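As given, the protein sequences belong to chains Y and Z, one line each in that order.
If you count the first sequence from 1, position 87 lands on 76 in my numbering, and the numbers rise without skipping.
If you count the second sequence from 1, position 84 lands on 97 in my numbering, and the numbers rise without skipping.
No residue lacks a Cβ here, since even glycine has one placed at the ideal position from N, Cα and C.
All values derive from a computational prediction rather than experimental measurement.
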Amino acid sequence: MMEILRCTVNGRPVEVGIDQRESLADVLRERLGLTSVKKGCEVGECGACTVLVDGTAIDSCIYLGVWAQGKTILTVEGLQNENGELSPIQQAFVEEAAVQCGFCTPGIIMSAVEIVGSGKRYTREELRKLISGHLCRCTGYQNILNAVERAVNEAHKFVGREEQEQ
Amino acid sequence: MEVGRAYTRVDAADKVTGRARYTDDLHDGPMLVAKILHSTIANGWVKSIDTAAARALPGVVKVLTCFDAPQIQYPTPGHPWSTDPGHQDVADRLLLTRRVRIYGDDIAVVVAEDEVTARRALKLIRVEYESCPVMLEPEQAMEPGAVPIHEEHPDNILKRTETVVGQPDEALSDPALLHFEGHYQTQQVQHCHIENPISYAYMEHGRITVVTSTQIPHIVRRVIGQALGIGWGQIRVIKPYIGGGFGNKQEVLYEPLNAWLTTQVGGRCVKLDVSREETFQNTRSRHPIRFDIKAAVSSQGRIMARECVAISNQGGYASHGHAIVANAVNGFRQTYPDAVGHRSVAYTVYTNRPAPGAMRGYGIPQCDFAGECLMEDIAREMNWDPYQFRLKNIMPLGYVDPTNGITCYSTALARCMEKGRDFIRWDELRAKYQNQTGPVRRGVGMAVFSYKTGVYPISLETASARIVLNQDGTVQLQLGATEIGQGGDTVFCQMAAQAIGLPTERVNIVSTQDTDTAPFDTGAYASRQTYVTGKAIKKAGELFREKVLSYAREMLPQAGELDLRAGEIVDGGSGESLLTLEELAMEAFYSLEHSVHITAEVTNHCKENTFAFGCCFAEVEVDIPVGKVKVLRIVNVHDSGRLINPKLAEAQVHGGMSMGIGYALSEEMKFDPATGRLLNGNLLDYKLPTAMDHPELTALFVEDEDPSGPFGNKALGEPPAIPVAPAIRNAVLHATGVAVNTLPLSPQRLVEEFRKGGLI
């Protein structure tokens, strides 16, 4: 059965016909062309399809499109500002060499948006836990953590982390 | 200097904005969807398939079975074609098979209008099988009377080789020497690139186009031609951005089937997406290998002779065949050249497991585990410092492998070891952790490795590069080498910039490759591209530079010696700027006297190879009663020659260390011995390390120039994954006194071993 989904995607009101059985990942990818939303497992294991729904990071592959009715969705395509500049989180990923094959990158960036948006400060260990729903095979998470930590610190004007204990 | 700059990845901005498009992001029209029917037995034959109900389902376009598919056997590994038929890859695959060799073998396929219909149709297909006993281990398959998995190999041994160097036998039985034996074994693990293999295929002008997530577009093109029995020029392969490969995509996977399917539906576009579960079950993995080793060592700690017998579990299909275990026994021999002699015996044995293939290190992670466990065990038994024992025996500068001539042109291994030792505080902690008691203990361990950079002289090494001038004085760099996440495109641009005399900012590269337009290169495998493709880029850059300077001399006939520096034509003596490359380009493009499009294209046939080196040091804490290992600190130190891009090199090492941690502690493909079914073929049950399973990762380098490398560089891609597992195993040994000789060091295994060792 088709249904009309009305929601806000990347700041724009959207009205789109979807199949009730469709995942939000498929709606975003196939109907709206937002291909930053990657599919690595389609059962909520890898985190590559993470988007924000009303500010909360979810695996869009196990979130039905119809559940997004009336909600506000954010993907990586919605992060650049009106001048086209990268968001500080995106910039941190670029500068910290946190990007390799890039397939897990949009999903982790969306979790980072949630983390930074929480307004809290986190320890390195807490950040490890917060991104542990994302699998990455290229980076060992090292530079990803550096990027997320930097984005958190920059957002709160905190001093950068102490040199890591040897 | 463009080489050596921590240049930002050329694709980073596209990847953080979601604009980098991968295979599944590219299609822009309706596509048919193909889904494969996998067998529910692991060994036997398909007797019959009833597809009537599936064909009757509305939306089903075509159902094709193993009884319909062409009977042309083809090879799948990403090796260059060999002009010598004796060295060609084993051709043991069919697009769809009646002879079932693994649980989940490909026996039929549905093409439907959409995915739901295709999946429903699969459930309507009825199959009758004739089953044989399941053989998951080489010893089962090698038993007399075992059913041949491939009729060409009645004893299930794909290949056995024996290599003798020097006179090992005398030393191995010399009573004046110290003698040691060891048995070590590694497990089957999967690459787990986050993008699963995926392709789509269609026909245009009577030719087949396949868009696919592959490391080896030119080889995929060739193998599709072989599998379908058509001219290789009838196929076009396009490789967009790819979400990791690690060797799994150094294999021709479902591209030939996909190509055949489009020909069966009149050239309509067919998408063949592979699920995570199918990726585990039906694509490649890393070989489990068992090593039986004997060693004779002098009382002064010099390795005199060793014997290494390695049995590699090849699963149901040859894939890379014997090449991987052959590489493993060579690697075992090379790191510590024996003073007197060496014997290696290697077996590759067909079984009913999903077929392993290439995976980051190509046999070396396995042999390094065996070799570095052995070194540790000997040192422990003799009460020698394992660091000093290794140092006494490592490959010297100028070493030439007696079997293949690969030469050690540069080595900084001793200095890598020193750096690692200092980082981990080896002497202090080895002493401190010596006599611990209690349930939680700490230890430090180490491992070293050597790794040959490319595949010469075992296989052809060839690479081509093309450089094309743009009107604004920027250039296009066109290659057949592939970016697979490792940062290849970025370092290629840096190398071209260096060779031409341009800032890297003025070199453009398109990551997508198209075999119709990209120059020939065999692709991303071994750790070859910065070395082999680097040589082609250097030559093309130098040729391009000569052509530019020649045109500049036409424009500036009065000038003295000219040079191209930072994108400007300058006076060779004074360095005074005479002409920008942009001005030169506009003249060359549009001159009414002499218009020429300045381009350079070079093929480099690489007839060199060289060893890279490195080591890992780890400090662990072992919770003995629960068998849990926590890596507290870990460092890899690499000698990869001169680094083209230190920032990307460091990132590459992090990823390899991470893969090594999973290999050491948690990853293992597990099977039901009765049915042969893979039990944990998904990312929940297969324990891929998460951010919480890692300590901080430290990557260090010793940068010496390698005289054979195009820019003094040598292998870096695969090496970081190699020494981590044995370093962790050796640290656990130091902490507990228990030597665990089988990977992974999972809690269950450790508890068993600690019980045997009397700790629990």
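is_contact[residue i, chain Y] using C-beta, thresh 9 Å
{"i": "S288(Z)", "result": "yes"}
{"i": "G31(Z)", "result": "yes"}
{"i": "L710(Z)", "result": "yes"}
{"i": "Y544(Z)", "result": "no"}
{"i": "V457(Z)", "result": "no"}
{"i": "M682(Z)", "result": "no"}
{"i": "S671(Z)", "result": "yes"}
{"i": "A740(Z)", "result": "no"}
{"i": "D27(Z)", "result": "yes"}
Within-9 Å CB hit, residue i to chain Z
{"i": "T128(Y)", "result": "yes"}
{"i": "A86(Y)", "result": "yes"}
{"i": "G122(Y)", "result": "yes"}
{"i": "I112(Y)", "result": "With the sequence shown as reference, residue 112(Y) is identified as Thr, and Ile is not the correct amino acid for it. Chain Z contact via Cβ: absent."}
{"i": "I98(Y)", "result": "yes"}
{"i": "G29(Y)", "result": "yes"}
{"i": "V26(Y)", "result": "yes"}
{"i": "K109(Y)", "result": "no"}
{"i": "Q155(Y)", "result": "Below a pLDDT of 50, predicted positions are generally treated as unreliable, and Q155(Y), at 38, falls in that range; no measurement from the model is reported."}
{"i": "G160(Y)", "result": "Outside the displayed range of chain Y (-10 to 155) lies residue 160(Y), so it cannot be described from this structure."}
{"i": "C(-4)(Y)", "result": "no"}
{"i": "T39(Y)", "result": "no"}
{"i": "I133(Y)", "result": "yes"}
Which listed residue (the options) has its alpha carbon closest to that of residue i
{"i": "D619(Z)", "options": "V633(Z), I248(Z) and D534(Z)", "result": "It should be noted that the sequence gives Cys, not Asp, for residue 619(Z). C619(Z) has its Cα closest to that of D534(Z), out of V633(Z), I248(Z) and D534(Z)."}
{"i": "Y360(Z)", "options": "L190(Z), H166(Z), G374(Z) and I522(Z)", "result": "H166(Z)"}
{"i": "S590(Z)", "options": "G580(Z), K445(Z) and P210(Z)", "result": "G580(Z)"}
{"i": "P181(Z)", "options": "L135(Z), D351(Z), A336(Z) and S212(Z)", "result": "D351(Z)"}
{"i": "P43(Z)", "options": "R281(Z), K172(Z) and P733(Z)", "result": "R281(Z)"}
{"i": "I51(Y)", "options": "P77(Y), E103(Y) and K27(Y)", "result": "K27(Y)"}
{"i": "N693(Z)", "options": "Q247(Z), M682(Z) and Y422(Z)", "result": "M682(Z)"}
{"i": "G29(Y)", "options": "L134(Y), R110(Y) and R126(Y)", "result": "R126(Y)"}
{"i": "A308(Z)", "options": "P367(Z), A272(Z), H204(Z) and H196(Z)", "result": "H196(Z)"}
{"i": "G129(Y)", "options": "G669(Z), E474(Z), H747(Z) and L266(Z)", "result": "G669(Z)"}
{"i": "G73(Y)", "options": "M155(Z), A69(Z) and D27(Z)", "result": "D27(Z)"}
{"i": "T604(Z)", "options": "A625(Z), H231(Z), A565(Z) and L490(Z)", "result": "Reading off the sequence shown, one finds Ser at residue 604(Z), where the question assumed Thr. Of the listed residues, the one whose Cα sits closest to S604(Z) is A565(Z)."}
Straight-line Cα distance separating residue j from residue i
{"i": "S782(Z)", "j": "I229(Z)", "result": "As displayed, chain Z neither begins before 14 nor continues past 773, which places residue 782(Z) out of reach and without an answer."}
{"i": "P452(Z)", "j": "E663(Z)", "result": "36 Å"}
{"i": "L17(Y)", "j": "A125(Z)", "result": "23 Å"}
{"i": "N295(Z)", "j": "Y446(Z)", "result": "45 Å"}
{"i": "S25(Y)", "j": "Y469(Z)", "result": "39 Å"}
{"i": "V148(Y)", "j": "N142(Y)", "result": "A caution first: V148(Y) carries a pLDDT of 48, below 50, which makes its placement in the model too unreliable to give a value."}
{"i": "T53(Z)", "j": "Y538(Z)", "result": "33 Å"}
{"i": "E716(Z)", "j": "Y464(Z)", "result": "16 Å"}
{"i": "G67(Y)", "j": "R1(Y)", "result": "10 Å"}
{"i": "D8(Y)", "j": "M(-9)(Y)", "result": "4 Å"}
{"i": "P409(Z)", "j": "A383(Z)", "result": "21 Å"}
{"i": "G536(Z)", "j": "G6(Y)", "result": "43 Å"}
{"i": "K560(Z)", "j": "I513(Z)", "result": "10 Å"}
{"i": "G258(Z)", "j": "S332(Z)", "result": "16 Å"}
{"i": "D105(Z)", "j": "L592(Z)", "result": "60 Å"}
{"i": "Q79(Y)", "j": "T(-3)(Y)", "result": "22 Å"}
{"i": "T616(Z)", "j": "S563(Z)", "result": "22 Å"}
{"i": "E19(Y)", "j": "R220(Z)", "result": "28 Å"}
Beta-bridge partners of residue i, as assigned by DSSP
{"i": "W58(Z)", "result": "R112(Z) and E143(Z)"}
{"i": "S52(Z)", "result": "S52(Z) pairs with nothing; no bridge assigned."}
{"i": "N483(Z)", "result": "Partner(s): none; N483(Z) has no beta bridge."}
{"i": "D220(Z)", "result": "Per the sequence presented here, residue 220(Z) reads as Arg, with Asp not at that position. Its beta-bridge partners are E217(Z)."}
{"i": "H300(Z)", "result": "In the DSSP output, where bridge partners are listed per residue, H300(Z) has none listed."}
{"i": "F382(Z)", "result": "In the DSSP output, where bridge partners are listed per residue, F382(Z) has none listed."}
{"i": "D652(Z)", "result": "F626(Z)"}
Counting Cβ pairs closer than 8 Å, one from the stretch 243 to 259 of chain Z and one from the stretch 22 to 36 of chain Z, do we hit at least three?
Of all C-beta pairs linking the stretch 243 to 259 of chain Z to the stretch 22 to 36 of chain Z, three or more are shorter than 8 Å, placing the two stretches in contact.
Determine contact between the stretch 539 to 548 of chain Z and the stretch 515 to 528 of chain Z, defined as no fewer than three beta-carbon pairs at a distance below 8 Å.
Contact fails: fewer than three Cβ-Cβ distances are below 8 Å.
Taking contact to mean at least 3 C-beta pairs separated by less than 8 Å, is the stretch 200 to 211 of chain Z in contact with the stretch 86 to 100 of chain Y?
Taking one beta carbon from each stretch, the stretch 200 to 211 of chain Z and the stretch 86 to 100 of chain Y have 3 or more pairs nearer than 8 Å; the two touch.
I want to know whether the stretch 234 to 248 of chain Z touches the stretch 60 to 69 of chain Z - three or more CB-CB distances under 8 Å.
The stretch 234 to 248 of chain Z is not in contact with the stretch 60 to 69 of chain Z.
Below 8 Å, how does it come out for the stretch 334 to 352 of chain Z and the stretch 406 to 422 of chain Z: are there three or more Cβ pairs, yes or no?
Output reads yes: the stretch 406 to 422 of chain Z touches the stretch 334 to 352 of chain Z.
Is the stretch 635 to 647 of chain Z close to the stretch 474 to 487 of chain Z, with three or more CB pairs under 8 Å?
Look at the beta carbons and you see the stretch 635 to 647 of chain Z not touching the stretch 474 to 487 of chain Z: under three pairs across the two are nearer than 8 Å.
Cβ pair count under 8 Å reaching 3, the stretch 653 to 672 of chain Z against the stretch 15 to 25 of chain Z
The answer is yes - the stretch 15 to 25 of chain Z touches the stretch 653 to 672 of chain Z, with three or more Cβ pairs under 8 Å.
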